[in-house]
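Asks: The following block contains the structure, expressed as structure tokens.
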Amino acid sequence: MGKLDVSMLRYLSQEDMRVLTAVEMGMKNHEIVPLSLVASIANLKHGGTHKLVKELSKHRLLAFEKSKMNAGYRLTNRGYDFLALKVLSQRDVLHSVGNQIGVGKESDIYIVAGEDQEQLALKIHRLGRTSFRQLKNKRDYHLKRNTTSWIYLSRLAATKEFAYMKALYARGFPVPKPIDCNRHLVVMELLQAYPLQQIHELNDVESVYTDLMNLILKLASHGLIHGDFNEFNLMLDENDHVTMIDFPQMLSTSHRNAKDYFDRDVKCVRDFFFRRFGFTGEDFPQFDRDVQKECSMDRDILASGFSKKEHDELEALESEFRHQIEDLSQDVDIIGEEENSGPEDADAGYEKEISPETDKCGKIEEFQSMEESTSRIQT
Ligand code: ADP
Ligand code: MG
-2 MGKLDVSMLR YLSQEDMRVL TAVEMGMKNH EIVPLSLVAS IANLKHGGTH KLVKELSKHR
58 LLAFEKSKMN AGYRLTNRGY DFLALKVLSQ RDVLHSVGNQ IGVGKESDIY IVAGEDQEQL
118 ALKIHRLGRT SFRQLKNKRD YHLKRNTTSW IYLSRLAATK EFAYMKALYA RGFPVPKPID
178 CNRHLVVMEL LQAYPLQQIH ELNDVESVYT DLMNLILKLA SHGLIHGDFN EFNLMLDEND
238 HVTMIDFPQM LSTSHRNAKD YFDRDVKCVR DFFFRRFGFT GEDFPQFDRD VQKECSMDRD
298 ILASGFSKKE HDELEALESE FRHQIEDLSQ DVDIIGEEEN SGPEDADAGY EKEISPETDK
358 CGKIEEFQSM EESTSRIQT
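The structure is reproduced here in structure tokens:
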């Protein structure tokens, strides 16, 4: 685990940002964005896009690619990180980036400092990263590469995670306090807690077990299922108080497989408590018998966090998203140990759509056409 090298960040000028944003926008419709298009979207007062693009490529924020058909630039992972980090630092949410504290399946977690030096957690979504390296070795890689938009999925995961975190926090659920979100980044409270997975002794095993079962039930009574309620996503503080994290896969109790997901969450906890503490909970909730829906946070979140258009997009993408994750985990199983055998570049992300900006309150700004967005970055 390392540091995120952000030394370059402060040297990024407004013009650099315009060029990076132009490539991001261009990637909405192009896998590789021709220089002429970058220049016309960036529309720099004094020109010079070529020079900036060269410099940004040297620092690996952009990558030049050439095929038989065309030549141009795409954003790298690093470029996408910088774009989002710069926005958060301009909003005074982020002041500096410190050590990495976690590597999840689909993310990197860093300690960061806010404006008043208070410590926060930064989650960088990197959807399909591990699997992507493995995919590279597969024959169907080129096929996948053209049909999958890694950057888009990472951004969707972050947007969704932030929307859920805010709604859950507002309802008093034990989740980290949400701070802000941009693109594939989520900033939240840094928990003084450890994943349950690292805990080998509890003062009162049964009471923690009961808290967890009650939490699963309370979520369901609000119309929600965590969907990945395991020992890595449950954080325990020194008083054995539980905070749950990691929400991109949350789903509604109206999902057609809701019962399976609910039962799996329950089983995860039960299995862990048996393995780790030799504890068998006599009492455990069952979806059909115990879930009584009191309100529909699932619908509220979609209604308040997203405009009608995004709502529909999200719902449509949701199943694609889930399939991708399922496909990918199958790939991982098949390919097994080959994780690091591919080239180091996990970057070939292509955005199909530029998804909407989330402002500080999580309201989605109106989706803008490319022309409108371009004029917005001119100011
Ligand atoms: P992933 O989706 O990749 O599994 P998680 O959100 O579960 O990512 O985070 C990965 C790990 O990072 C967690 O298991 C936990 O150890 C750590 N972590 C995540 N969020 C926080 C936080 N807010 N405070 C402290 N540690 C955190
Ligand atoms: Mg996790």
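Just so we're aligned, residue -2 is where the sequence shown starts under this note's numbering, counting upward by one.
Beta carbons: idealized from backbone N, C-alpha and C, even for Gly.
In the DSSP assignment, find the unbroken beta strand (DSSP E) run with C265 in it and report its ends.
Replies: Position 268 of the sequence shown holds residue 265. C265: not part of any beta strand (DSSP E); member of the alpha helix (DSSP H) spanning A255 to F274, first to last residue.
Asks: Does DSSP put S93 in a helix, a strand or coil?
Replies: Numbered from 1 along the sequence shown, position 96 holds the residue referred to as residue 93. Here S93 sits in strand by DSSP.
Asks: Expressed to the nearest angstrom, what Euclidean distance is found between the alpha-carbon atoms of M66 and I29?
Replies: Taking the first residue of the sequence shown as 1, we reach residue 66 at position 69. Taking the first residue of the sequence shown as 1, we reach residue 29 at position 32. In a straight line, the C-alpha of M66 is about 10 Å away from that of I29.
Asks: Reducing DSSP to helix, strand and coil, say where F61 ends up.
Replies: Mapped onto the sequence shown, residue 61 falls at position 64. The answer is strand: DSSP assigns F61 an E or B state.
Asks: Which ranges would you report for the alpha helix (DSSP H) in the region 164 to 195 if only whole runs of at least 4 residues count?
Replies: none
Asks: When we look at the beta-carbon of C265 and count the other beta-carbons within 10 Å, is it buried (16 or more) or exposed?
Replies: In the sequence shown, residue 265 corresponds to position 268, counting from 1. C265 is buried by the Cβ-count criterion.
Asks: Do S251 and D287 count as a contact pair if the criterion is CB distance below 8 Å?
Replies: The count along the sequence shown starts at 1 and reaches residue 287 at position 290. The count along the sequence shown starts at 1 and reaches residue 251 at position 254. Between D287 and S251, the gap from beta carbon to beta carbon reaches 8 Å or more.
Asks: Could you check which residue in F79, N26, D234 and K102 has the C-alpha nearest to that of L91?
Replies: As a working mapping, residue 91 is identified with position 94 in the sequence shown. The shortest C-alpha separation from L91 is found at F79.
Asks: Jot down the residue ranges of each uninterrupted beta strand (DSSP E) in the region 22 to 82, minimum 3 residues, whole runs only, in chain order.
Replies: 59 to 63 and 68 to 72
Asks: Based on DSSP bridge pairs, tell me the residues matched to G99.
Replies: Start at 1 with the first residue of the sequence shown, and residue 99 comes out as number 102. Answer by DSSP bridge pairing, in chain order: I106.
Asks: Could you spell out the range, first to last residue, of the beta strand (DSSP E) harbouring I121?
Replies: Residue 121 sits at position 124 when you count from the first residue of the sequence shown. Q116 to H122 is the span of the beta strand (DSSP E), which, as asked, contains I121.
Asks: Please indicate yes or no: does the CB of C196 lie closer than 7 Å to some heavy atom of the ligand ADP?
Replies: Taking the first residue of the sequence shown as position 1, residue 196 is located at position 199. In the sequence as presented, Cys is not what sits at residue 196; that position holds Ile. For the ligand ADP, not one heavy atom lies less than 7 Å from the Cβ of I196.
Asks: Would a C-beta distance cut-off of 8 Å place P192 and M247 closer than the cut-off?
Replies: Numbered from its first residue, the sequence shown carries residue 192 at position 195. Numbered from its first residue, the sequence shown carries residue 247 at position 250. Taking 8 Å as the Cβ cut-off, P192 and M247 do not qualify as a contacting pair.
Asks: Go through its chain and collect everything with a Cβ distance to V109's Cβ below 8 Å, but skip five positions before and after it.
Replies: In the sequence shown, residue 109 corresponds to position 112, counting from 1. Around V109: L91, H92, S93, V94, G95, Q116, L117, A118, L119 and V184.
Asks: Given a cut-off of 8 Å on the beta-carbon distance, is the pair V172 and D208 in contact?
Replies: If you number the sequence shown from 1, residue 172 lands on position 175. If you number the sequence shown from 1, residue 208 lands on position 211. Not in contact: V172 and D208 (Cβ atoms no closer than 8 Å).
Asks: Starting from the C-beta of R57, find all residues in its chain whose C-beta is less than 8 Å away, skip the five residues before and the five after it, and write them out in chain order.
Replies: Residue mapping note: residue 57 aligns to position 60 of the sequence shown, counting from 1. So the list reads T73, R75 and G76, once near-sequence residues are dropped.
Asks: Measuring only the C-alpha atoms, how far is Y206 from L182?
Replies: In the sequence shown, the residue the question calls residue 206 occupies position 209. In the sequence shown, the residue the question calls residue 182 occupies position 185. Going from the Cα of Y206 to the Cα of L182 covers about 32 Å.
Asks: Beta-carbon distances below 7 Å to any heavy atom of the ligand MG define the shell here; list its residues in chain order, please.
Replies: G101, K102, D225, F229, N230, I242 and D243
Asks: According to DSSP, is I222 helix, strand or coil?
Replies: For the purposes of this step, residue 222 is taken as the residue at position 225 of the sequence shown. Residue state, collapsed to three classes: strand.
Asks: Starting from the C-beta of S104, find all residues in its chain whose C-beta is less than 7 Å away, skip the five residues before and the five after it, and write them out in chain order.
Replies: In the sequence shown, residue 104 corresponds to position 107, counting from 1. Result list for S104: K120, I121, H122 and R123, in chain order.
Asks: Measuring only from the beta carbon, is A110 closer than 7 Å to any heavy atom that is part of the ligand ADP?
Replies: If you number the sequence shown from 1, residue 110 lands on position 113. Not under cutoff, so the answer is no.
Asks: Look at the alpha carbon of K63 and the alpha carbon of S4, and state the distance between them as a whole number of angstroms.
Replies: In the sequence shown, the residue the question calls residue 63 occupies position 66. In the sequence shown, the residue the question calls residue 4 occupies position 7. Roughly 29 Å between the two C-alpha positions.
Asks: Given the structure, does P192 come close to the ligand ADP, in the sense that its CB is under 7 Å from one of the ligand's heavy atoms?
Replies: Mapped onto the sequence shown, residue 192 falls at position 195. Correct: P192 has its Cβ closer than 7 Å to the ligand ADP.
Asks: What are the start and end residues of the beta strand (DSSP E) that includes M5?
Replies: The residue you call residue 5 lines up with position 8 of the sequence shown. Following the DSSP letters along the chain, one finds M5 in no beta strand (DSSP E), marked with neither H nor E.
Asks: Taking the alpha helix (DSSP H) that R286 belongs to, which residues open and close that run?
Replies: For the purposes of this step, residue 286 is taken as the residue at position 289 of the sequence shown. R286: member of the alpha helix (DSSP H) spanning F284 to D287, first to last residue.
Asks: For M185, is the beta carbon positioned less than 7 Å from some heavy atom of the ligand ADP?
Replies: Position 188 of the sequence shown holds residue 185. Under cutoff, so the answer is yes.
Asks: Within 10 angstroms of the Cβ of K157, are there 16 or more other Cβ atoms? Answer buried if so, exposed if not.
Replies: Here residue 157 corresponds to residue number 160 of the sequence shown, with the count starting at 1. It counts as buried.
Asks: As a quick exercise: from K163, E186 and N40, pick the residue whose alpha carbon is nearest that of I106.
Replies: By 1-based counting over the sequence shown, the position of residue 106 is 109. The residue with the shortest Cα to Cα distance from I106 is E186.
Asks: Per DSSP, what kind of secondary structure is L231 in: helix, strand or coil?
Replies: Numbered from 1 along the sequence shown, position 234 holds the residue referred to as residue 231. In this structure, DSSP gives L231 an extended state, which the three-state scheme calls strand.
Asks: The ligand SAM and S104: does any heavy atom of the ligand fall closer than 7 Å to the residue's C-beta?
Replies: Among the ligands present in this structure, namely the ligand ADP and the ligand MG, the ligand SAM is not found.
Asks: Verify the contact flag: K120, CB atom, against every heavy atom of the ligand ADP, threshold strictly below 7 Å.
Replies: Position 123 of the sequence shown, counted from the start, is the residue given in the question as residue 120. Yes; taking the cut-off as 7 Å, the Cβ of K120 has a heavy atom of the ligand ADP nearer than that.
Asks: With a threshold of 6 Å on Cβ separation, who are the neighbours of R180 within its own chain once the five nearest residues in sequence on each side are excluded?
Replies: To locate residue 180, count along the sequence shown from 1; it is residue 183. Cβ neighbours of R180 beyond the five flanking positions: A81 and R152.
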